[in-house]
Ligand SMILES: NC(=O)c1ccc[n+]([C@@H]2O[C@H](COP(=O)([O-])OP(=O)(O)OC[C@H]3O[C@@H](n4cnc5c(N)ncnc54)[C@H](OP(=O)(O)O)[C@@H]3O)[C@@H](O)[C@H]2O)c1
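Numbering (the numbering used here), first residue to last: 1 to 281.
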């Protein structure tokens, strides 16, 4: 598996597996077990997905050496602030049945995220977290934190797919030596994603699906991706993207799909902030 070297030297697979919207623990355990069998070694969960226990059990039961797996979780808004965040890191470790995480992120740029970040820096220094970062930090919030934290975030996980390519944000993160990681690499199928004519036409040349072309595009652009699927055949399809290469002409065609806008939400909207803050875990 191709890897990306983070700003602290830690290597992270460029392709992994996300478990958002699989709250049923039995189902999540089965799905992670399938993903590990397919070959995924990066698993992305979060406190707010209600499935850290299931992810932990699936990893433990797989018998795969913990060191071979890159495990990611995220601290939810209601666990924001130094004290709560510190306790919640230990709670995540307990649920995931491990004594360290490969990466912990602040899920959303709300509540006392400076306090949360300090708790993560402390856990990083003590070896509980191998890497730390943020998620959904738009360029302004990201630059602010980047200027005032002690340890530069290694990752910013943001909505990134062919319709929202994060061109400007990517440039800014690069200046700050922070790696971009995509959430929603298929935009959850919105905008008729899997039927897109440009992706289809390019896929036909290589005998690849629209999903495979989209993931190949993102990874060739240096973005870490974590597609989610509950179907094993799709997990296999999404994993099988390293035996072909898009040409500059293909990349340029896909670059034209960018709208520069979210297909999901607006972090600057007060209603959205209210919605997130009221989402209790
Ligand atoms: N940090 C954040 O705020 C944030 C937000 C959202 C997501 N995430 C992370 O990013 C991960 C991925 O995002 P996501 O789960 O929202 O959506 P996604 O990966 O963009 O899309 C998942 C959807 O695509 C379908 N799908 C997957 N592979 C397919 C294929 N080859 N052909 C056709 N359909 C396919 C899945 O259906 P089936 O499951 O039925 O196969 C599911 O409906 C999440 O699981 C989570 O770990 C983070």
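Don't be surprised by glycine CBs; every beta carbon is placed ideally from N, CA and C.
If I follow the unbroken alpha helix (DSSP H) through residue i, where does it start and stop?
i           : result
residue 125 : 113-125
residue 283 : Outside the modelled stretch of the chain, which goes from 1 to 281, sits residue 283, for which no answer is possible.
residue 232 : 232-239
residue 56  : 52-62
residue 30  : 25-38
What did DSSP end up calling residue i once you bin it into helix, strand or coil?
i           : result
residue 298 : Any question about residue 298 goes unanswered here, given that the chain covers just 1 to 281.
residue 354 : This structure leaves residue 354 out entirely; the chain is present only between 1 and 281.
residue 226 : coil
residue 129 : strand
residue 199 : helix
residue 246 : coil
residue 212 : helix
residue 269 : coil
residue 145 : helix
residue 257 : coil
From the DSSP output, which residues share a beta bridge with residue i?
i           : result
residue 75  : 106
residue 135 : 157
residue 43  : 17 and 71
residue 101 : 129
Following the continuous beta strand (DSSP E) through residue i, name the residue where it begins and the one where it ends.
i          : result
residue 13 : 11-13
Hey, residue i and residue j are a contact pair by Cβ (cut 8 Å); roughly how many whole angstroms apart?
i           : j           : result
residue 160 : residue 182 : 4 Å
residue 219 : residue 43  : Actually they are not in contact, since the Cβ atoms of residue 219 and residue 43 sit about 17 Å apart, beyond 8 Å.
residue 54  : residue 25  : 4 Å
residue 211 : residue 239 : 11 Å between Cβ atoms; not a contact.
Considering only heavy atoms of ligand 1, does any lie closer than 7 Å to the CB of residue i?
i           : result
residue 102 : no
residue 269 : no
residue 226 : yes
Quick check on residue i - is its C-beta less than 8 Å from some C-beta in chain D?
i           : result
residue 151 : The structure shown contains no chain D; it holds only a single protein chain.
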